[in-house]
Amino acid sequence: MDSLKNFLLFFLCLAGFLLCTPACAQDKAPNILLFYADDLGWMDLGIQGSSYYETPNIDRIGKEGIRFTQAYANAANCAPSRACLMTGLYPPSHGVYTVGNPDRGEVTKRKLIPTPNKTVLDPNLLTLPTFLKTKGYRTAIAGKWHLSPNPLPYGFDVNFGGNQQGHPKSYFSPYQNPNLEDGVPGEHLPERLSRELGNWIRENHHKPFFAYFPFYSVHTPIQAREDLIDKFGSKEPTLFHNKPAYAAMIEAMDQAVGHLLTLLDELGLAENTLVIFTSDNGAHGGQTLSRPLRGSKGMFYEGGIRVPFLLRGPMVSQPGTLNSSPVIGSDIFPTLIQILAEDSDTYQLDGQSFLSALSGTTLPERALFWHFPAYLQMYNKDRAFEDSHDKPWFRTSPVSVIRKGNWKLLQFFEKGEVELYNLRLDIGEIDNLAEEYPGEAKELLEELHNWQRSTQAPIPSQKNPFYSEGK
Numbered sequence: 000m001d002s003l004k005n006f007l008l009f010f011l012c013l014a015g016f017l018l019c020t021p022a023c024a025q026d027k028a029p030n031i032l033l034f035y036a037d038d039l040g041w042m043d044l045g046i047q048g049s050s051y052y053e054t055p056n057i058d059r060i061g062k063e064g065i066r067f068t069q070a071y072a073n074a075a076n077c078a079p080s081r082a083c084l085m086t087g088l089y090p091p092s093h094g095v096y097t098v099g100n101p102d103r104g105e106v107t108k109r110k111l112i113p114t115p116n117k118t119v120l121d122p123n124l125l126t127l128p129t130f131l132k133t134k135g136y137r138t139a140i141a142g143k144w145h146l147s148p149n150p151l152p153y154g155f156d157v158n159f160g161g162n163q164q165g166h167p168k169s170y171f172s173p174y175q176n177p178n179l180e181d182g183v184p185g186e187h188l189p190e191r192l193s194r195e196l197g198n199w200i201r202e203n204h205h206k207p208f209f210a211y212f213p214f215y216s217v218h219t220p221i222q223a224r225e226d227l228i229d230k231f232g233s234k235e236p237t238l239f240h241n242k243p244a245y246a247a248m249i250e251a252m253d254q255a256v257g258h259l260l261t262l263l264d265e266l267g268l269a270e271n272t273l274v275i276f277t278s279d280n281g282a283h284g285g286q287t288l289s290r291p292l293r294g295s296k297g298m299f300y301e302g303g304i305r306v307p308f309l310l311r312g313p314m315v316s317q318p319g320t321l322n323s324s325p326v327i328g329s330d331i332f333p334t335l336i337q338i339l340a341e342d343s344d345t346y347q348l349d350g351q352s353f354l355s356a357l358s359g360t361t362l363p364e365r366a367l368f369w370h371f372p373a374y375l376q377m378y379n380k381d382r383a384f385e386d387s388h389d390k391p392w393f394r395t396s397p398v399s400v401i402r403k404g405n406w407k408l409l410q411f412f413e414k415g416e417v418e419l420y421n422l423r424l425d426i427g428e429i430d431n432l433a434e435e436y437p438g439e440a441k442e443l444l445e446e447l448h449n450w451q452r453s454t455q456a457p458i459p460s461q462k463n464p465f466y467s468e469g470k
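Heads up: the sequence shown begins at 0 in numbering that gives the first Met the number 0, then just goes up one per residue.
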């Protein structure tokens, strides 16, 4: 009789375990795998509409999850976007506005003295990996950090190749990277970093983990594998996607993503891992264009700040979902806080959680902001040259931007010029409607000014004594 009772008890426990498994997986804190591409444009993925670039692994994230069609980076170049991603803050809250010095370009062409720029993120600010460590996560970074010489003081347990550099000295070993040992001669950087991060996941997946993979790809120098260059050299190009070496860089990145997605499947981690893929800014205009969007990296038109944003995980209710709610990079931190059942308001972040959108809802209307009190020189071979407000000298001069609803307003500080666009009717930002709709322009400008005051955003106003108009 006792043996029968023991058998029944064992059977009930086993059945309960099997039935409970999905729920238990949902209750467990999710693993987080965050891919962050460098200079990847809005149209540079197959799932985004490119017929030339091939990205089946990255596309898989969107097909098995959700794709935000109006997603943005917090800036039009690398460092400030990364600072916003790590802190959940807008640039005025951390002081990283650009890469390196803010007075780039010809001195006689700059009308204003730009705001001083921080090149090292304040280590006293709360960062995403530091927060996650307080929740029991193991944390790792593999790739471009760009916010200090060493990312470890900012909450990472291990670092594979992250430092202050904005781009690699070489995509092939020897890498000349103080935080990454050289591999065999000719080893390619995306594959190496995915292998390092994959080995770390194998060793640490028994606890919740945060694996941050900020690619150096596809930032210049364009150094691609010859086999992939040959592949795209024989493929029919399109008008705006036609550089085989750049396409080869994208495919190598996609293969690195695929390696880690396959690893999640092998380890049985896919169902409880939140996978995010996005980019730090728009495409390099000398390599590719994101038409119909205007502009490219370094400009605050849509081509410089609108980016791919794909997400897969247990919180997504319907695979293959499209969501048109505007979201921005600094929203990722508060979203992860809410996923872990915490109140993001406690942490006083500038971003807002988009967790409800993962179940298919449209987010409430709100304003998004950009602030760039600096200068970026024009690329000599930038194919988006004509898109710039400040041609022929700059990709952008000091500017502040607000997007709310269908409207987007840019305030340029040199002359006080204002541009207004209706993105629903004019995604290419061709028709400046500031004079035709003065009421909308005034309302948005007032809200932008209120935001500037509330964040103490610095507005360049001091005249540059070396400026020479017309020369």
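C-beta: ideal position from N, C-alpha, C; glycine also.
Query: Whose C-beta lies closer than 6 Å to the C-beta of residue 402 among residues of the same chain, with five residues either side of it excluded?; Result: 367
Query: Do residue 283 and residue 51 come within 7 Å of each other at the CB atom, strictly closer than that value?; Result: no
Query: Under the rule that 16 or more other beta-carbon atoms within 10 Å means buried, what is residue 453, buried or exposed?; Result: exposed
Query: Where residue 246 and residue 99 are concerned, what is the direct C-alpha to C-alpha distance, given to the nearest angstrom?; Result: 28 Å
Query: Looking only at its chain, what residues have a beta carbon closer than 7 Å to the beta carbon of residue 479, apart from the 5 residues adjacent to it on each side?; Result: Residue 479 is absent from the model: the chain starts at 0 and stops at 470.
Query: Can you tell me whether DSSP reads residue 271 as helix, strand or coil?; Result: helix
Query: Nearest by alpha-carbon distance to residue 107: which of 357, 173, 392 and 161 is it?; Result: 392
Query: Secondary structure at residue 247, three-state DSSP: helix, strand or coil?; Result: helix
Query: Can residue 212 and residue 141 be called in contact, C-beta distance under 7 Å?; Result: yes
Query: Keeping to the same chain, check which residues put their C-beta closer than 8 Å to that of residue 354; ignore five residues upstream and five downstream.; Result: 314, 334, 337 and 338
Query: How would you label residue 23, buried or exposed, when you count the other beta carbons within 10 angstroms and need 16 or more for buried?; Result: For residue 23, the predicted model reports a pLDDT of 35, less than 50, meaning its position is unreliable and no value from the coordinates is stated.
Query: Counting only runs of 4+ residues fully inside the region 310-354, write out the alpha helix (DSSP H) ranges in chain order.; Result: 331-338
Query: Comparing C-alpha positions only, which one of 389, 415, 438 and 348 sits nearest to residue 124?; Result: 348
Query: Hey, out of 70, 225, 83 and 87, whose CA is closest to residue 344's CA?; Result: 87
Query: Could you pull out every unbroken beta strand (DSSP E) segment of at least 3 residues lying fully inside the region 153-228, listed in chain order?; Result: 157-159 and 208-213
Query: Excluding the 5 residues preceding and the 5 following residue 186 in the sequence, name in chain order all residues of the same chain whose CB lies nearer than 6 Å to its CB.; Result: 172
Query: Assign residue 306 to buried or exposed, taking buried as 16 or more other Cβ atoms, counted over all protein chains shown, within 10 Å of its Cβ.; Result: buried
Query: Run through DSSP, which three-state label would residue 400 get?; Result: strand
Query: Need the endpoints of the beta strand (DSSP E) that residue 410 sits in, please.; Result: 406-411
Query: Which of the three DSSP states is assigned to residue 21 in this structure?; Result: Low local confidence applies: a pLDDT of 33 at residue 21 is under 50, so the model's placement there is unreliable, with the coordinate-based value given in what follows. Helix.
Query: Would you tell me roughly how many angstroms separate the C-alpha atoms of residue 167 and residue 254, rounded to the nearest one?; Result: 19 Å
Query: Taking residue 127 as the reference, give the member of 137, 119 and 118 with the closest Cα.; Result: 137
Query: Given a threshold of 16 other Cβ atoms within 10 Å of its Cβ, counted over all protein chains shown, does residue 233 qualify as buried or as exposed?; Result: exposed
Query: Specify the secondary structure class of residue 417 as computed by DSSP and reduced to three states.; Result: strand
Query: Under 8 Å, with one C-beta from each stretch per pair, do the region 394-410 and the region 293-311 reach the 3-pair mark?; Result: yes
Query: So what's residue 82 in DSSP terms, helix, strand or just coil?; Result: helix
Query: Of all the options 32, 350, 121 and 364, which has the alpha carbon lying nearest to the alpha carbon of residue 203?; Result: 32
Query: Report the option in 398, 443, 34 and 120 whose CA atom is closest to the CA atom of residue 419.; Result: 443
Query: Among 407, 287, 297 and 408, which has the Cα closest to the Cα of residue 389?; Result: 297
Query: Would you decide whether residue 379 is buried or exposed? Buried here means 16 or more other CB atoms lie within 10 Å of its CB.; Result: exposed
Query: For residue 176, collect the residues of the same chain with a Cβ closer than 8 Å to its Cβ; drop the 5 residues on either side in sequence, then sort them by chain order.; Result: 160, 162, 164, 167 and 168
Query: Using a Cβ-Cβ cut-off of 6 Å (strictly less than) and excluding sequence neighbours within five positions of residue 451, which residues of its own chain qualify?; Result: none
Query: What does the Cβ neighbour count give for residue 20, buried or exposed, with the cut at 16 atoms within 10 Å?; Result: Low per-residue confidence applies at residue 20: pLDDT is 34, beneath 50, and the placement is therefore not dependable enough to give any value.
Query: Does residue 181 get closer than 7 Å to chain C when you measure Cβ to Cβ?; Result: Reference to chain C is not applicable here, since this structure consists of a single protein chain.
Query: On the three-state DSSP scale, how would you describe residue 449?; Result: helix
Query: What are the start and end residues of each continuous alpha helix (DSSP H) run of 4 or more residues lying completely inside the region 61-123, in chain order?; Result: 77-86 and 90-93
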